[in-house]
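Visitor: Residue numbering for the sequence shown follows the working numbering, beginning at 284 and increasing consecutively.
First the structure, then my questions, so here it is.
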Amino acid sequence: MKPIRLFVPLFLLIACAASRAATYSVGPVGCTHVSLADALAAAAANPAGPHLIKLRTGELLTGGISLDEPAADITIEGGYASCGASAPTPDARMVIRQINPGSVLRFDNASDTPRRLELRNVTLTGGSVNTSDVLGGGGALVLQNATLVLGAGAIVEGNVAGNGGGVSLFGVPSRVAKLVLDGAAVIDGNQAVGLGGLGAGGGVFALDNAEIRLVYGRIEDNTARRAGGGVALNTARTTLVAAPPILTDYLLPPVVLAHNTAGRATFATGEGFGGAIYSKQGNITIGAPATSRFTTNISTNTANYGGAIYVEGAAGPTDPFTFVALRNTLTQFNTAKGKGGAFHSWNAVDWVLDSTGLRCPFGPRYSACSAVLYNTAYNSTTPGSPGAGAGYIGNDSGSQRGIFRFARTLFENNRDDDGQVAVAMAFGTSELSFERCIFLDNQADASGVTTLLANAPGINLRFVYNTVVGNDVDTLVYMNGGVLRNQGSIMWSPGSDVWTATAGATMANNNCLIAHDMVPGATVLDPRLADDFMPPADSPAIDACDNLDVTAGIDAYLQAPGYDIDGVDNVWGPNDLGAVENHDAIFLDGFGHRYTD
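Below, the structure written as structure tokens:
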């Protein structure tokens with residue numbers, strides 16, 4: 284009996300503790316409070332949360348909402364038909380409109396206990412912060428140990444500030460300010476218009492000691508005069524993390540950064556950095572679960588430099604790198620008026636593009652689950668020079684080099700308009716590295732020599748197990764000194780030179796190369812690739828290479844290398860050439876015949 288007598292009081296204690304979380308409601312009749320300010324004050328003073336504040340459907344005019352150091356977590360949810368309603372009406376919301384100069388919402392938590400405020404079915408709009416105020420935050424200003432969660436039905440739109448038109452974050456080392464975007468929430472149509480060093484983060488601005496986490500939602504149609512039309516990271520102590528889920532009932536990417544703009548209508552060299560994202564030494568991690576779907580879409584953004592993303596790394600010889608990782612990301616239709624149609628970085632920045640899925644449906648065919656498509660650099664004021672339709676990377680003398688580490692990614696229809704480099708260009712001592720990538724229909728339009736890729740002077744270019752087909756350039760790779768390591772690749776783009784070697788450049792491939800023209804180590808035979816870029820069983824690309832000097836990695840569809848097809852004698856080893864290993868063929872004809880003409 285003693286265990287029973289002990290259990291009952293514990294159960295009652297737990298039940299009583301749970302019951303103390305309060306629900307507040309705001310309205311003129313039948314509600315706990317007449318004003319949202321009073322309801323917030325009551326919830327903030329009650330430590331037995333988390334608490335819910337219910338708002339009705341409609342519009343609330345305010346001179347600003349302030350929440351300081353609440354004693355518990357709070358959710359504000361709009362769209363209730365009445366204060367007595369048990370759930371919000373579908374698609375209904377409360378619009379909270381600022382009618383005075385200032386942020387719509389200010390959330391500050393100076394305590395050592397993190398606190399969380401979640402908004403659901405609520406719109407924050409009309410915020411207008413002094414454009415010379417570095418903190419900014421037209422829609423919301425989040426300070427210190429506070430986390431603002433934009434949840435289901437939350438919208439931040441139509442706000443203006445010097446920085447952070449939509450949301451600004453500012454913490455201290457021991458109390459990091461955070462923003463979470465989830466539940467299909469939207470940050471839309473906000474502006475960061477400050478002059479001089481301001482004008483950053485049209486949608487979201489992380490000033491210092493701040494974290495932005497994107498789970499499920501959209502940042503779109505925001506503008507910033509200087510940098511980061513969608514998002515701006517201001518220091519090395521700021522981060523952007525995307526952690527999209529697998530949504531079984533939603534096939535589009537859960538995280539979207541689209542139609543954002545950095546810069547004004549007229550091109551200028553001192554502004555317009557990063558249409559979707561700008562970072563000054565803050566790490567960017569766009570993650571993905573193991574899935575054969577694109578989970579982040581960075582699309583149709585515009586800037587002067589870095590149509591999608593611009594990253595400014597540290598300049599010192601021993602300063603730490605800034606890291607950028609994009610997985611299962613669709614980067615498409617972005618535009619740079621200057622250079623770097625999709626990506627642009629300078630100094631110590633280390634980039635990774637990669638896939639987590641076997642292969643992704645892509646129109647009538649399949650693609651690697653990382654894709655860089657239809658991005659354009661326009662070379663304003665520098666026509667005929669390298670603009671790099673996909674990526675432009677470099678570093679100053681004395682700085683650590685930058686590097687593009689691109690793997691299992693499709694590069695298709697990127698363009699350098701009136702420029703020389705269709706896909707990627709490196710400067711200084713920065714490096715290019717491509718593995719298991721696919722290059723199709725990329726174009727450069729300058730009157731001089733045009734190319735897919737161009738290395739920095741004297742710097743090696745790693746280009747292993749890639750597939751290059753049908754690109755509109757004069758030469759596939761332009762090497763200014765250094766070694767082109769193209770082992771395991773297929774470079775089949777008749778009408779272009781396979782490569783152009785200057786300043787003593789050399790090629791190394793251990794005779795594991797298919798090319799449309801005779802270059803060192805090449806087999807000149809049509810690989811006859813299928814629509815998904817896989818070589819058929821009788822292709823000369825089958826069972827052609829070993830792991831001497833370069834160990835073949837998993838292919839563009841995350842298949843293991845070295846699948847040995849019966850009936851085909853290995854040339855040097857069991858690895859197929861190109862981005863895709865053929866795992867479908869089991870047996871050729873029993874006599875080791877392979878395609879020869």
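The beta carbon of each residue, even a glycine, is placed where N, CA and C say it ideally should be.
Using the rule of at least 16 other Cβ atoms within 10 Å of the residue's Cβ for burial, across every protein chain shown, is Ile742 buried or exposed?
Guide: For the purposes of this step, residue 742 is taken as residue 459 along the sequence shown, with counting starting at 1. So Ile742 counts as buried.
Visitor: Is Asn865 helix, strand or coil when you go by DSSP?
Guide: Here the question's residue 865 lines up with position 582 in the sequence shown. Of the three classes helix, strand and coil, the one that applies to Asn865 here is coil, per DSSP.
Visitor: Counting along the chain, where does the alpha helix (DSSP H) carrying Ala320 start and finish?
Guide: Taking the first residue of the sequence shown as 1, we reach residue 320 at position 37. Where Ala320 is concerned, the enclosing alpha helix (DSSP H) stretches over 319-328.
Visitor: So, do the region 603-610 and the region 566-573 have three or more beta carbon pairs nearer to each other than 8 angstroms?
Guide: The answer is yes - the region 566-573 touches the region 603-610, with three or more Cβ pairs under 8 angstroms.
Visitor: Would you check if the distance between the CB atom of Ala739 and the CB atom of Thr783 is smaller than 8 angstroms?
Guide: Position 456 of the sequence shown holds residue 739. Position 500 of the sequence shown holds residue 783. Not in contact: Ala739 and Thr783 (Cβ atoms no closer than 8 angstroms).
Visitor: Enumerate, from N- to C-terminal direction, the unbroken beta strand (DSSP E) stretches of 3 or more residues contained entirely within the region 656-711.
Guide: Runs found: 674-677, 686-690, 693-695, 704-709.
Visitor: With a cut-off of 8 angstroms, do at least 3 Cβ pairs link the region 682-701 to the region 624-635?
Guide: Touching, yes.
Visitor: Once DSSP output is grouped into helix, strand and coil, what is the label at Asp387?
Guide: Here residue 387 is taken as the residue at index 104 of the sequence shown, counted from 1. According to the sequence as given, residue 387 is Val; it is not Asp. Val387: coil per DSSP, three-state reduction.
Visitor: For Pro669, count neighbouring Cβ atoms within 10 angstroms of its own Cβ and tell me buried if that reaches 16, exposed if not.
Guide: Position 386 of the sequence shown holds residue 669. Buried is the call here.
Visitor: Could you give the distance in angstroms between the alpha-carbon of Asn858 and the alpha-carbon of Asn580?
Guide: As a first step, residue 858 must be located in the sequence shown, where it is residue number 575. As a first step, residue 580 must be located in the sequence shown, where it is residue number 297. Roughly 33 angstroms between the two C-alpha positions.
Visitor: List the endpoints of the continuous beta strand (DSSP E) containing Ala423.
Guide: Along the sequence shown, one-based indexing puts residue 423 at 140. First-last of the beta strand (DSSP E) with Ala423: 423-427.
Visitor: In the region 338-369, which residue ranges form an unbroken beta strand (DSSP E) of at least 3 residues, counting only runs that do not cross its ends?
Guide: The region 338-369 contains these whole beta strand (DSSP E) runs: 341-345, 348-351, 357-363.
Visitor: Report yes if the CB atom of Asp699 is closer than 8 angstroms to the CB atom of Gly667, and no otherwise.
Guide: One-based indexing of the sequence shown puts residue 699 at position 416. One-based indexing of the sequence shown puts residue 667 at position 384. Cβ distance not < 8 angstroms, so Asp699 and Gly667 don't count as in contact.
Visitor: Can you say whether Val317 is buried or exposed, counting buried as having 16 or more other CB atoms within 10 angstroms of its CB?
Guide: Taking the sequence shown and counting its residues from 1, one reaches residue 317 at position 34. When all chains shown are included, Val317 counts as exposed.
Visitor: Going by other Cβ atoms of all chains shown within 10 Å of its Cβ, with 16 needed for buried, is Pro823 buried or exposed?
Guide: The residue labelled residue 823 in the question sits at position 540 within the sequence shown. Result: buried.
Visitor: Hey, quick one: how far does the beta strand (DSSP E) through His542 stretch, first residue to last?
Guide: Position 259 of the sequence shown holds residue 542. That residue, His542, is in no beta strand (DSSP E); it is neither H nor E in DSSP.
Visitor: How about Glu503 and Val524: do their beta carbons lie closer than 8 angstroms?
Guide: For the purposes of this step, residue 503 is taken as residue 220 along the sequence shown, with counting starting at 1. For the purposes of this step, residue 524 is taken as residue 241 along the sequence shown, with counting starting at 1. Not closer than 8 angstroms, so no.
Visitor: Take Phe616 and list the residues in its own chain whose beta-carbon comes closer than 8 angstroms to its own, dropping the five residues that flank it on each side.
Guide: Here the question's residue 616 lines up with position 333 in the sequence shown. The answer, listed in chain order, is Ser582, Thr583, Leu656, Tyr657, Asn658.
Visitor: Which full runs of the beta strand (DSSP E) of 3+ residues lie inside the region 509-561, going along the chain?
Guide: With a minimum length of 3 residues, the continuous beta strand (DSSP E) runs that stay inside the region 509-561 are 514-516, 521-525, 538-541.
Visitor: Of the choices Gly448, Leu613, Asn792, whose alpha-carbon is the least far from that of Asp829?
Guide: For the purposes of this step, residue 829 is identified with residue 546 of the sequence shown, where counting begins at 1. Comparing Cα-Cα distances from Asp829 to each of Gly448, Leu613, Asn792, the minimum goes to Asn792.
Visitor: Does any residue of chain D bring its CB to less than 8 angstroms from the CB of Leu535?
Guide: Among the chains of the structure shown, chain D does not appear; only one protein chain is present.
Visitor: Would you report the Cα separation of Ala805 and Leu424, rounded to the nearest angstrom?
Guide: Taking the sequence shown and counting its residues from 1, one reaches residue 805 at position 522. Taking the sequence shown and counting its residues from 1, one reaches residue 424 at position 141. Distance between the alpha carbons of Ala805 and Leu424: 60 angstroms.
Visitor: Can you name the residues that DSSP bridges to Val824?
Guide: Residue numbering aside, residue 824 sits at position 541 when the sequence shown is read from its first letter. The amino acid at residue 824 is misidentified as Val; the sequence shows Ala. Beta-bridge pairing links Ala824 to no other residue.
Visitor: Could you check the C-alpha separation between His334 and Ala325 for me, to the nearest Å?
Guide: Mapped onto the sequence shown, residue 334 falls at position 51. Mapped onto the sequence shown, residue 325 falls at position 42. Computed Cα separation, rounded: 10 angstroms.
Visitor: Could you compute how far the alpha carbon of Ser457 sits from the alpha carbon of Arg398?
Guide: As a first step, residue 457 is located in the sequence shown; it is residue number 174 there, counting from the start. As a first step, residue 398 is located in the sequence shown; it is residue number 115 there, counting from the start. So the two alpha carbons sit approximately 14 angstroms from each other.
Visitor: Based on the DSSP output, what are the partners of Trp855 in its beta bridges?
Guide: The count along the sequence shown starts at 1 and reaches residue 855 at position 572. Partner(s): none; Trp855 has no beta bridge.
Visitor: Could you compute how far the alpha carbon of Gly367 sits from the alpha carbon of Thr345?
Guide: Within the sequence shown, numbered from 1, the residue matching residue 367 stands at position 84. Within the sequence shown, numbered from 1, the residue matching residue 345 stands at position 62. Using only the alpha carbons, I get a separation of about 23 angstroms.
Visitor: Going by alpha carbons, who is nearest to Asn428 out of Arg389, Asn446, Gly410?
Guide: Within the sequence shown, the letter at position 145 stands for residue 428. For Asn428, the nearest C-alpha among the options comes from Arg389.
Visitor: Should Val312 be labelled buried (16 or more other beta-carbon atoms within 10 Å of its own) or exposed?
Guide: Residue 312 sits at position 29 when you count from the first residue of the sequence shown. Label assigned to Val312: exposed.
Visitor: Within its chain, find whatever has a CB closer than 6 angstroms to the CB of Ala515; leave out the 5 residues flanking it on each side and keep chain order.
Guide: Mapped onto the sequence shown, residue 515 falls at position 232. Cβ neighbours of Ala515 beyond the five flanking positions: Ala483, Gly484, Phe488, Tyr561.
Visitor: Which ranges does the beta strand (DSSP E) cover as unbroken runs of at least 3 residues, wholly within the region 770-794, from first to last along the chain?
Guide: With a minimum length of 3 residues, the continuous beta strand (DSSP E) runs that stay inside the region 770-794 are 772-775, 780-785, 789-791.
Visitor: Beta strand (DSSP E) containing Asp637: first to last residue?
Guide: To locate residue 637, count along the sequence shown from 1; it is residue 354. Start and end: 632-637.
Visitor: Determine the extent of the beta strand (DSSP E) in which Val279 is found, giving its start and end residues.
Guide: Summary: the structure shown does not reach residue 279, with the chain confined to residues 284 through 880, and so no result is reported for it.
Visitor: What would DSSP say about His627, mapped onto helix, strand or coil?
Guide: By 1-based counting over the sequence shown, the position of residue 627 is 344. Strand, per DSSP.
Visitor: Look at Asp826 and Trp775 and say whether their C-beta atoms are less than 8 angstroms apart.
Guide: Here the question's residue 826 lines up with position 543 in the sequence shown. Here the question's residue 775 lines up with position 492 in the sequence shown. No.
Visitor: Look at the alpha carbon of Gly596 and the alpha carbon of Thr614, and state the distance between them as a whole number of angstroms.
Guide: As a first step, residue 596 is located in the sequence shown; it is residue number 313 there, counting from the start. As a first step, residue 614 is located in the sequence shown; it is residue number 331 there, counting from the start. The alpha-carbon atoms of Gly596 and Thr614 are separated by roughly 21 angstroms.
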